[in-house]
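> Pasting a structure below so you can have a look.
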Amino acid sequence: MEWQEFERKFPQKLNEQQKEAVQSVEGPVLLLAVPGSGKTTVLVTRLGYMIYAKGIAPEKILTVTYTVAATEDMAARFASLFGTDMADRLTFKTINGICAGIIHTYGRKTGRTPFALLNDEKVIADTLAKIYQKTERTYATESDLQTVRTLITYIKNSMLTDAEIREMDKTADMKISAIYKEYNTWLREQKLMDYDDQMVYAYTMLQRFPELLRLYQDKFPYLCVDEAQDTSKIQHAIIALLASKTENLFMVGDEDQSIYGFRAAYPEALLSFEKNHPGAKVLLMEENFRSGAGIVKAADTFIQKNTLRHKKHMRAIKDGEEVVKEIAVKTRDDQYRYLTAVAENCAAARADRVGGRSDNGTADASHTVAVLYRDHECALPLIDLLERKEIPYRMRNAEISFFTHRTVLDVLNIMKLAMHPKDAETFLQVYYKINTYIRKEDALQIARISETQDISVWNAAVRYHGLSDYTMSSVQNTRMHMQQLLTERGDKAVKHILYYMGYQEYLERCGLKADKIEILQILGSREDSMAGLLQRLRELQDILTRKETDYSCNFILSTIHASKGLEYDTVYLMDVTDGILPAQMISSSLNMYGDGKISAEERKTYEEERRLFYVGATRAKSELYVFTTGKPHSFCKELLSHPVTCRVKRKGIPSTP
Numbered sequence: 179m180e181w182q183e184f185e186r187k188f189p190q191k192l193n194e195q196q197k198e199a200v201q202s203v204e205g206p207v208l209l210l211a212v213p214g215s216g217k218t219t220v221l222v223t224r225l226g227y228m229i230y231a232k233g234i235a236p237e238k239i240l241t242v243t244y245t246v247a248a249t250e251d252m253a254a255r256f257a258s259l260f261g262t263d264m265a266d267r268l269t270f271k272t273i274n275g276i277c278a279g280i281i282h283t284y285g286r287k288t289g290r291t292p293f294a295l296l297n298d299e300k301v302i303a304d305t306l307a308k309i310y311q312k313t314e315r316t317y318a319t320e321s322d323l324q325t326v327r328t329l330i331t332y333i334k335n336s337m338l339t340d341a342e343i344r345e346m347d348k349t350a351d352m353k354i355s356a357i358y359k360e361y362n363t364w365l366r367e368q369k370l371m372d373y374d375d376q377m378v379y380a381y382t383m384l385q386r387f388p389e390l391l392r393l394y395q396d397k398f399p400y401l402c403v404d405e406a407q408d409t410s411k412i413q414h415a416i417i418a419l420l421a422s423k424t425e426n427l428f429m430v431g432d433e434d435q436s437i438y439g440f441r442a443a444y445p446e447a448l449l450s451f452e453k454n455h456p457g458a459k460v461l462l463m464e465e466n467f468r469s470g471a472g473i474v475k476a477a478d479t480f481i482q483k484n485t486l487r488h489k490k491h492m493r494a495i496k497d498g499e500e501v502v503k504e505i506a507v508k509t510r511d512d513q514y515r516y517l518t519a520v521a522e523n524c525a526a527a528r529a530d531r532v533g534g535r536s537d538n539g540t541a542d543a544s545h546t547v548a549v550l551y552r553d554h555e556c557a558l559p560l561i562d563l564l565e566r567k568e569i570p571y572r573m574r575n576a577e578i579s580f581f582t583h584r585t586v587l588d589v590l591n592i593m594k595l596a597m598h599p600k601d602a603e604t605f606l607q608v609y610y611k612i613n614t615y616i617r618k619e620d621a622l623q624i625a626r627i628s629e630t631q632d633i634s635v636w637n638a639a640v641r642y643h644g645l646s647d648y649t650m651s652s653v654q655n656t657r658m659h660m661q662q663l664l665t666e667r668g669d670k671a672v673k674h675i676l677y678y679m680g681y682q683e684y685l686e687r688c689g690l691k692a693d694k695i696e697i698l699q700i701l702g703s704r705e706d707s708m709a710g711l712l713q714r715l716r717e718l719q720d721i722l723t724r725k726e727t728d729y730s731c732n733f734i735l736s737t738i739h740a741s742k743g744l745e746y747d748t749v750y751l752m753d754v755t756d757g758i759l760p761a762q763m764i765s766s767s768l769n770m771y772g773d774g775k776i777s778a779e780e781r782k783t784y785e786e787e788r789r790l791f792y793v794g795a796t797r798a799k800s801e802l803y804v805f806t807t808g809k810p811h812s813f814c815k816e817l818l819s820h821p822v823t824c825r826v827k828r829k830g831i832p833s834t835p
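To convert, count from 1 in the sequence shown and add 178; that's this note's numbering.
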């Protein structure tokens with residue numbers, strides 16, 4: 179079947195770049211698709227073209243996607259265009275799904291029993307908690323365990339050497355090399371593997387058993403890979419092995435949208451595609467069908483300054499009076515109150531069910547408004563306000579580790595000790611983090627006296643005669659601070675702990691950041707007492723644990739990561755401030771693009787920060803607002819050559835001056 183006949187039989191509105199991609203079937207092809215360029219449409223149409231126009235059996239094609247949801251969506255879209263018969267004969271798999279099949283086939287062919295897959299998250303968490311306690315000599319919080327899991331995933335997906343793993347100890351807040359080694363030893367002893375091991379073992383099997391590799395190469399001579407920029411080093415290595423016989427590899431991605439470095443995403447594979455696949459064809463899809471021209475131009479100009487990328491320019495197809503503006507506020511709390519007004523406006527429109535602008539100024543009820551941010555904890559003060567006013571909102575992936583983060587727990591434990599001075603267990607958790615200058619052996623004796631005599635730890639310190647005059651003076655001083663905390667507002671109590679009780683110094687000694695504590699201060703500013711703050715935090719944690727998703731709500735809260743691949747009519751980017759987004763600044767922007775020098779690792783990290791901002795900006799269809807405070811905000815300045823400040827009217831409806 180010729181192309182013209184295929185177009186007539188299966189009509190699709192494709193531009194010239196898309197048509198070229200669909201018709202590129204043989205050999206290695208890298209398709210670089212900018213945001214909103216219709217890559218899924220091209221992928222699905224290309225599958226149909228391969229089957230109906232080129233006569234390739236669907237069983238010979240393997241399509242690799244990033245998530246299970248993506249496999250289901252792509253299969254459904256193919257079925258809607260080309261029918262269920264062919265859809266049922268195609269293979270759509272995640273990389274883990276492919277690896278599970280490889281391991282199963284290996285066991286069947288060799289007669290060996292592969293390790294069992296450990297998918298019980300509680301067993302993994304309990305095991306890592308025991309290893310963490312043994313290695314770090316302290317109990318792991320939920321946040322600590324999340325960090326451990328992320329680092330282990332990073333190590334296995336990045337194919338790091340033992341030396342490289344040991345090097346991670348210098349920057350991690352734990353001895354990750356020791357934890358990693360003991361965890362892997364435990365897995366082997368139990369004859370188990372985790373999801374990351376699936377890829378490690380599958381890759382090893384393909385390398386060591388050529389007949390197994392040939393079996394899969396013959397089974398799937400055509401490979402299609404979606405979201406290649408999010409694929410890890412070991413995943414790319416597996417794909418390269420599978421495609422090495424025919425080199426019929428069609429890889430779709432965009433290194434400008436690679437934002438999962440913490441999960442070991444390896445966009446370098448896209449940059450070295452032509453080197454690794456001689457004779458490869460690199461195609462571009464540069465037309466954005468999603469966003470207005472102003473948004474597209476601003477975002478494209480911004481990302482052009484990245485250096486670790488292919489040369490391409492995003493172009494807008496849509497015309498219109500789109501909005502790209504800065505909202506300059508004095509404080510982060512002003513930002514949350516502004517967004518609360520926006521949410522009220524959305525709720526009013528939803529209640530009225532008005533199509534289009536109504537006389538009272540409420541927004542279109544079908545108009546989607548998304549607030550995007552770096553981490554969920556950034557949204558906590560906004561969620562607090564929305565819950566207080568009972569304003570509806572929808573939250574994507576509401577997993578928040580803030581409440582169990584070590585620094586947050588430390589501050590809360592100090593507050594608890596102030597309220598319950600007989601709590602010897604809490605005393606032992608915090609005494610060395612504030613300026614008591616008590617030695618460990620003395621602290622244990624003080625805790626014992628407190629428990630056996632049912633007195634406060636401070637009275638126990640007086641009765642214990644093993645402290646020096648200097649230490650005793652420090653203890654009495656700490657006791658006075660504790661009493662003062664009981665009289666202060668929530669935010670004042672947090673600042674008191676940080677700056678007057680020595681906790682800031684403890685953080686600096688341990689190389690820990692105080693960014694979580696700023697969120698505590700904002701939440702505390704709304705509470706008249708320290709006890710009120712503790713109670714509100716418990717309430718918020720319970721709310722987020724129990725909250726059900728209201729899919730009809732058009733006011734959405736999401737991390738930028740969770741918003742990837744989605745689009746909204748209006749987007750508000752929160753906290754676009756140096757230190758938050760970007761999280762870390764290089765020493766000078768002149769060093770990035772001028773005559774100075776920065777390390778390769780610095781450049782890699784900073785450019786991913788830029789990509790994260792770019793992905794957030796390109797979620798917007800018609801309106802993009804960027805929040806800044808009085809602090810430096812390099813990304814916003816770069817995005818907007820002529821920023822416009824926005825205000826909130828008395829009724830809480832956003833407007834421009």
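Every residue gets a Cβ at the ideal spot worked out from N, C-alpha and C, and that includes glycine.
These numbers were taken from a predicted model, which means no experiment stands behind them.
Residues bridged to LEU735 by DSSP?
Paired residues: VAL549 and MET573.
> May I ask whether a heavy atom of the ligand GDP can be found less than 6 angstroms away from the beta carbon of TYR792?
Among the components modelled here there is no ligand, and therefore nothing to report on the ligand GDP.
> What does the alpha-carbon distance come out to for the pair MET708 and TYR317?
MET708 and TYR317: Cα-Cα distance of roughly 26 angstroms.
> Going by C-alpha to C-alpha distance, which of ALA278, TYR803, GLU500 and ASN297 sits closest to TYR516?
Among ALA278, TYR803, GLU500 and ASN297, the Cα nearest to that of TYR516 belongs to TYR803.
> Strictly by DSSP, which residues pair up with LEU210?
DSSP, once it has assigned bridges, lists GLY431 and LEU462 as partnering LEU210.
> Using DSSP's beta-bridge definition, name the partner residues of THR243.
Answer is THR272, bridged to THR243.
> Between the alpha carbons of THR349 and ARG714, how many angstroms are there, rounded?
Computed Cα separation, rounded: 34 angstroms.
> Taking contact to mean 3 or more Cβ pairs, one atom from each stretch, closer than 8 angstroms, check whether the segment 461-474 and the segment 784-802 are in contact.
Output reads yes: the segment 784-802 touches the segment 461-474.
> Buried or exposed for ILE721, please, with buried defined as at least 16 other CB atoms from any protein chain shown within 10 angstroms of its CB.
It is exposed - the Cβ of ILE721 has fewer than 16 other Cβ atoms within 10 Å.
> Less than 6 angstroms between C-beta atoms, sequence neighbours within five positions excluded: which residues of the same chain meet that for PRO821?
Because PRO821 sits at a pLDDT of 45, beneath the cut-off of 50, its placement in the model cannot be relied upon, and the point is left open.
> Pairing CB atoms from the segment 411-423 with CB atoms from the segment 243-260, are three or more of them under 8 angstroms?
Segments in contact, no.
> I need the straight-line Cα distance from TYR361 to ALA307, nearest angstrom please.
If I take the Cα positions, the gap works out to 10 angstroms.
> Give every residue of the same chain whose Cβ lies closer than 6 angstroms to the Cβ of ARG493, excluding the five residues on either side of it in the sequence, and list them in chain order.
Cβ within range, chain order: GLU464 and GLU465.
> Please report the Cβ distance between LEU461 and SER202, rounded to the nearest whole angstrom; I am assuming they are in contact, meaning their Cβ atoms lie under 8 angstroms.
Between SER202 and LEU461 the Cβ distance is about 6 angstroms, and since that is below 8 angstroms, they are a contact.
> Taking the alpha carbon of GLU185 as the point to measure from, which residue in ILE309, SER730, LYS725 and GLY226 has its own alpha carbon closest?
Out of ILE309, SER730, LYS725 and GLY226, GLY226 has the C-alpha closest to the C-alpha of GLU185.
> In angstroms with no decimal places, state the Cα-to-Cα distance between GLY439 and ARG781.
Each residue's Cα considered, the two are about 13 angstroms apart.
> ALA557 by DSSP, collapsed to three states: which one?
Here ALA557 sits in helix by DSSP.
> Thinking C-alpha only, which one of TYR677, LEU209 and LEU268 is nearest ALA399?
It is Pro, not Ala, that sits at residue 399 in the sequence shown. When each option's Cα is compared against that of PRO399, the closest is LEU268.
> Cβ of LEU595 within 7 angstroms of Cβ of PHE605?
Contact: yes.
> Kindly list the residues whose CB is nearer than 6 angstroms to the CB of PRO236, restricted to its own chain and excluding five residues on each side of it in sequence; keep chain order.
Same-chain partners within the cutoff: ILE229, MET264, ARG267 and LEU268.
> What residue from CYS402, ILE357, LEU370 and GLU787 has the CA that sits closest to GLY205's CA?
Considering only alpha carbons, the answer is CYS402.
> Does DSSP classify TYR750 as helix, strand or coil?
Note: TYR750 maps to strand in three-state DSSP.
> Which residues share a DSSP beta bridge with CYS402?
According to DSSP, which records beta bridges pairwise, CYS402 is partnered with THR241 and PHE428.
> Are there 16 or more other CB atoms within 10 angstroms of the CB of ALA778, so buried, or fewer, so exposed?
Exposed, by the Cβ-count rule.
> With a 10 Å radius around its C-beta and 16 neighbouring C-beta atoms as the bar for buried, classify SER646 as buried or exposed.
Its Cβ having fewer than 16 others within 10 Å, SER646 is exposed.
> Could you give the DSSP three-state label for GLU801: helix, strand or coil?
Here GLU801 sits in strand by DSSP.
> Tell me whether GLU504 sits in a helix, a strand or coil according to DSSP, three-state version.
Strand at GLU504.
> Just list the beta strand (DSSP E) runs in the segment 269-327, keeping only unbroken ones of 3 residues or longer that don't cross its boundaries, in chain order.
Runs found: 269-272.
> Please list, in chain order, all residues of the same chain as ASN769 whose beta carbon is under 6 angstroms from its beta carbon, the five residues on each side excluded.
The predicted position of ASN769 is uncertain, since its pLDDT is 47 and thus under 50; a value taken from the coordinates is nonetheless stated next. Correct list, in chain order: ILE776.
> Helix, strand or coil: how does DSSP classify SER651 here?
Residue state, collapsed to three classes: helix.
> With THR249 and LYS271 assumed to form a contact (beta carbons below 8 angstroms), what rounded beta-carbon distance in angstroms separates them?
Rounded, the Cβ-Cβ distance is 6 angstroms, consistent with contact.
> Alpha carbons only, please: which of ILE481, ARG667, CYS556 and GLY644 is nearest the one belonging to ILE816?
Note that residue 816 corresponds to Glu in the displayed sequence, not to Ile. Nearest of ILE481, ARG667, CYS556 and GLY644 to GLU816, Cα basis: ILE481.
> On a Cα-Cα basis, can you pick out the residue from ASN732, GLN719, LEU365 and ASP753 that is closest to PHE293?
Out of ASN732, GLN719, LEU365 and ASP753, LEU365 has the C-alpha closest to the C-alpha of PHE293.
> Find out if the Cβ-Cβ distance for the pair LYS334, ASP374 is shorter than 7 angstroms.
In contact: LYS334 and ASP374 (Cβ atoms closer than 7 angstroms).
> Going by DSSP in three states, ARG667 sits in which element: helix, strand or coil?
DSSP places ARG667 in coil when its eight states are reduced to three.
> Please report how far the alpha carbon of THR479 lies from the alpha carbon of LEU818, in whole angstroms.
Their Cα atoms are separated by approximately 10 angstroms.
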